[in-house]
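Notes for the one structure printed next.
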Amino acid sequence: MVEHGIHATQAVVTLDVALPGIIWGWMITLNMWAKSVGTGVILVGAFLLYRHKKEEMPNLRWMMPLISFIFLNIFLLFTLTDLHQPYRMINIFLHPHWTSAITVGAWMASLFTGLITLMMVIGFFDAHPDVRKHGACAKAAREHSGLYEKIFPFVVFLAVPVTLYTAIIMAESSARELWQAPTEVMQMMWAALLAGSAGLIFISESWSKESRKDLALVLAIATFFSFMMYMGEYFFSFKSSEAEATLAYVHAGGEYNAEFWFGMVLGFIIPFFLAVSNMKSDNKTLLRFAAILALIGLYLVKDVWLKIPQMLPLS
Amino acid sequence: MKLGFLVDLNLCMGCKGCEVACKVENEVPLSSWRLRVKYIDIGTFPDTSRSFTPLRCNHCENAPCERICPVSALHYLENGIVNVDSARCIGCAGCMMACPYGAIYMDPETNTADKCTYCAHRIESGMMPACVVVCPVQANIFGDVDDDTSHISQYIMEHQGAVQVRKPEKHTNPKHFYVGGGNQTLNPLAHQRLEGYNLFNNVTHLEHVGDPHHGVIDRFLAPFTSHEHLDNKSFMDFDNKAHESHEEEGGH
Ligand code: SF4
Ligand code: SF4
């Protein structure tokens with residue numbers, strides 16, 4: 001009998017309507033993941049350029065904005081696709097509401113993508129002097145080659161808020177206690193450094209050993225701190241009963257628990273050790289393997305963190 | 001002027017009249033609710049009681065849904081109502097993430113966010129919200145909480161100490177009050193919601209948010225195609241010629 005299973009203090013819902021399930025699903029996971037790569041390559045690229053001579057990383061100047069451009073466009077595509085009224089996206093520009101991190105973020109991300117596009121075009125035609133020698137666009141790009149270096153510091157500066165604004169959207173989502181501003185901001189930052197270093201690893205074949213060592217160092221630090229942050233959240237996030245109830249969806253086992261731990265091991269633990277070992281002895285294949293694992297793991301962990309708070313009944 | 005609601009849970013008998021009136025008045029589509037009455041059974045047999053809690057938008061004074069809306073589709077009216085402009089909504093569902101009370105749904109016909117507006121259109125023409133009018137025991141009290149002489153303000157004063165709001169810790173400053181509620185009825189974490197199992201109906205989660213008949217690509221094609229046959233009026237032109245007759249199905 002049902003009644004015998006209920007303690008005196010317990011209450012059970014006996015009649016109610018169906019509640020919405022997961023509202024922000026895989027498209028938002030993919031959106032955040034792609035944005036981490038898109039902004040991360042710029043941040044890590046800037047760090048490498050600060051530490052090393054350009055000549056040590058010959059293809060960085062054009063490949064870095066190219067990777068960023070591709071992933072920013074994946075991010076923008078899925079941002080748009082996830083809207084229930086995609087054509088009305090234009091309203092964000094026509095009727096902006098500045099208290100919303102969605103608005104501020106959309107404006108910044110659009111500006112950022114525009115500047116990255118410019119850098120990609122200049123970088124590409126500079127690196128390939130034989131391509132479209134007489135094309136107007138190529139010509140203009142080559143003539144304004146110096147613009148690249150001029151806008152680069154601004155782009156690096158902008159990459160930080162562009163990568164972090166999603167954390168503020170999540171913090172503004174006051175229905176989801178698990179997403180708190182300070183931790184989300186830090187996780188987004190580490191995610192960008194992780195994804196950025198992983199992204200650049202794929203184009204580092206011809207780079208100097210030292211610059212690749214720095215890439216491995218960034219990957220190691222980012223995976224280490226990402227792991228520590230998630231562990232802190234996982235074990236000690238008892239800020240409120242809602243956060244605790246949300247974490248129960250991972251603590252209790254099941255698919256989200258498996259996804260979370262797969263993410264931790266694949267995305268953070270294994271890449272950390274591979275990156276550390278790579279700093280001692282340069283092994284391009286292993287480093288690339290670490291980068292692939294880190295990117296897969298990051299996606300899994302972001303997915304769990306996005307979905308579990310949405311499973312909690314709000315009323 | 002600040003319009004507010006108060007529900008006296010001691011009076012509510014769970015008839016769901018308000019739920020039905022709201023559906024009809026606002027043409028709320030199937031699988032969506034602006035106002036719902038939740039039944040919660042408390043205790044162990046034979047010491048049990050059943051409580052009824054009407055739940056609607058709280059028209060928060062400090063509304064997270066308004067703050068997160070990127071296009072001001074959610075906005076305050078001068079009388080304190082948090083209103084929605086569905087013609088402007090881009091369907092980002094940010095508000096569904098922000099409202100701590102789960103008061104917002106994605107309308108499956110318009111694919112835009114919607115919620116209780118305290119029947120703003122009726123208020124404008126001097127009428128009470130549909131749910132207030134229909135309540136047979138007058139458990140819904142509606143009025144200006146800024147006016148000390150209003151019925152609602154006096155009710156709140158008379159029941160001082162027993163007046164509660166949902167999730168005060170969220171600092172949303174709700175303008176929807178309850179008398180006779182308790183933690184077990186107002187706090188969703190204080191009662192169990194057993195998915196798929198129940199005394200009366202299945203307590204479930206929706207598998208879709210927004211239009212269940214359309215995939216992602218259709219959102220892009222929607223302005224160019226007609227949805228007439230997929231809205232909630234579609235049951236009216238139900239074509240039973242396409243089906244076997246009742247007798248043929250073996251009915252009795
Ligand atoms: S209850 Fe939810 S939808 Fe209503 S005003 Fe408050 S935050 Fe907005
Ligand atoms: S779904 Fe519509 S109402 Fe809700 S936040 Fe987005 S634009 Fe605003």
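Those protein sequences? They're chains A and B, same order as listed. For the first sequence, full-length UniProt numbering assigns the number 1 to the initial residue and increments by one for each residue that follows. For the second sequence, full-length UniProt numbering assigns the number 1 to the initial residue and increments by one for each residue that follows. Glycine included, every Cβ here is placed at the ideal spot set by N, Cα and C. Remember, predicted model here, so these are calculated numbers, not experimental data.
Which residues share a DSSP beta bridge with B/K38? In the DSSP output, where bridge partners are listed per residue, B/K38 has B/T53.
Between B/G80 and B/L3, which are expected to be in contact by the criterion C-beta below 8 Å, what is the C-beta distance as a whole number of angstroms? Sure, about 5 Å apart at Cβ, within 8 Å.
Is there a Cβ of chain B sitting closer than 8 Å to that of A/D16, yes or no? It does: the Cβ of A/D16 has a partner Cβ on chain B nearer than 8 Å.
Below 7 Å on C-beta distance, what does B/T225 contact in chain A? Within chain A, no residue has its CB atom less than 7 Å from the CB of B/T225, the nearest being about 13 Å off.
Cβ of A/E184 within 8 Å of any chain B Cβ: It does not; no Cβ of chain B falls within 8 Å.
In this structure, does DSSP put B/H229 in helix, strand or coil? Here B/H229 scores only 49 on pLDDT, less than 50, and its place in the model is too uncertain to base an answer on.
Short of 6 Å in beta carbon distance, which residues of its chain neighbour A/L295, apart from the five on each side in sequence? Order them along the chain. Result list for A/L295: A198, in chain order.
Find the residues of chain A that neighbour B/F220, judging by a C-beta separation of less than 7 Å, and give them in chain order. Chain A residues near B/F220: P86.
By the 8 Å beta-carbon criterion, what residues does the segment 162 to 187 of chain B contribute toward chain A? The residues in question are R166, E169, K170, T172, Q184 and T185.
So what does DSSP say about A/A11, is it helix, strand or coil? A/A11 falls in the strand class under three-state DSSP.
With hydrogens ignored, establish whether the beta-carbon of A/T113 is closer than 7 Å to any heavy atom of ligand 2. Ligand 2 never approaches A/T113 closely enough for any of its heavy atoms to be under 7 Å from the residue's Cβ.
Output yes if chain B places a C-beta closer than 8 Å to the C-beta of A/W24; else output no. Answer yes: the Cβ-Cβ gap between A/W24 and chain B drops below 8 Å somewhere.
If distances are taken between C-alpha atoms only, which option among A/E210, A/P129 and A/Y230 comes closest to A/N278? With distances taken between Cα atoms, A/N278 lies closest to A/E210.
Would you mind sorting A/L49 into buried or exposed? The rule is 16 or more other CB atoms within 10 Å of its CB. Counting Cβ neighbours within 10 Å, A/L49 comes out buried, since at least 16 surround it.
Selected residue, minimal CA-CA separation from B/H184, among B/L6, B/V133, B/R50 and B/C18: The identity of residue 184 of chain B in the sequence shown is Gln, whereas the question assumes His. B/Q184 has its Cα closest to that of B/R50, out of B/L6, B/V133, B/R50 and B/C18.
Identity of the residue in B/C119, B/T172, B/N173 and B/H213 nearest B/E19 by Cα: With distances taken between Cα atoms, B/E19 lies closest to B/C119.
Determine the burial state of A/Y299: buried for a count of at least 16 other Cβ atoms within 10 Å of its Cβ, exposed for fewer. So A/Y299 counts as buried.
Is there a Cβ from chain A that is less than 8 Å from the Cβ of B/D41? So, interface residue.
How long is the line joining the alpha carbons of B/Q160 and B/M97, rounded to whole angstroms? Using only the alpha carbons, I get a separation of about 32 Å.
Give me the subset of the segment 98 to 111 of chain B whose CB atoms are less than 8 Å from a CB atom of chain A, sorted by chain position. From the segment 98 to 111 of chain B, only A98, C99, P100, Y101, G102, A103, Y105, M106 and N111 have a Cβ closer than 8 Å to chain A.
Which residues does DSSP pair with B/A113 in a beta bridge? Looking at the DSSP assignment, B/A113 forms a beta bridge with B/M106.
At the level of alpha carbons, what is the spacing between B/H229 and A/I23? Any reading at B/H229 is ruled out, since the residue's pLDDT is 49, under 50, leaving its predicted position unreliable.
Does ligand 2 have a heavy atom nearer than 7 Å to the CB of B/T117? Shortest gap from the CB of B/T117 to any heavy atom of ligand 2: 7 Å or more.
What are the boundary residues of the alpha helix (DSSP H) that includes B/N140? Counting along the chain, B/N140 falls outside any alpha helix (DSSP H), though it belongs to the beta strand (DSSP E) covering N140 to D144.
Verify the contact flag: B/Y101, CB atom, against every heavy atom of ligand 1, threshold strictly below 7 Å. For B/Y101, the shortest C-beta to heavy atom distance toward ligand 1 is below 7 Å.
Does the Cβ of A/F154 have 16 or more other Cβ atoms within 10 Å, making it buried, or fewer, making it exposed? Exposed, since its Cβ has fewer than 16 Cβ neighbours within 10 Å.
Report yes or no: do the segment 9 to 16 of chain B and the segment 223 to 238 of chain A share at least 3 C-beta pairs separated by less than 8 Å? Segments in contact, no.
Confirm, please, whether the CB-CB distance from A/N91 to B/I90 is below 8 Å. Judged by beta-carbon spacing, A/N91 lies within the 8 Å limit of B/I90, meaning their Cβ atoms are closer than that value.
Quick one: what does DSSP say B/Y118 is sitting in, helix, strand or coil? Looking at B/Y118 - three-state DSSP - the assignment turns out to be coil, as it is neither helix nor strand.
CB-CB under 6 Å to residue 336 of chain A, same chain, minus the five flanking residues each way: which ones, in chain order? No answer is possible for residue 336 of chain A: the residues shown for chain A start at 1 and end at 315.
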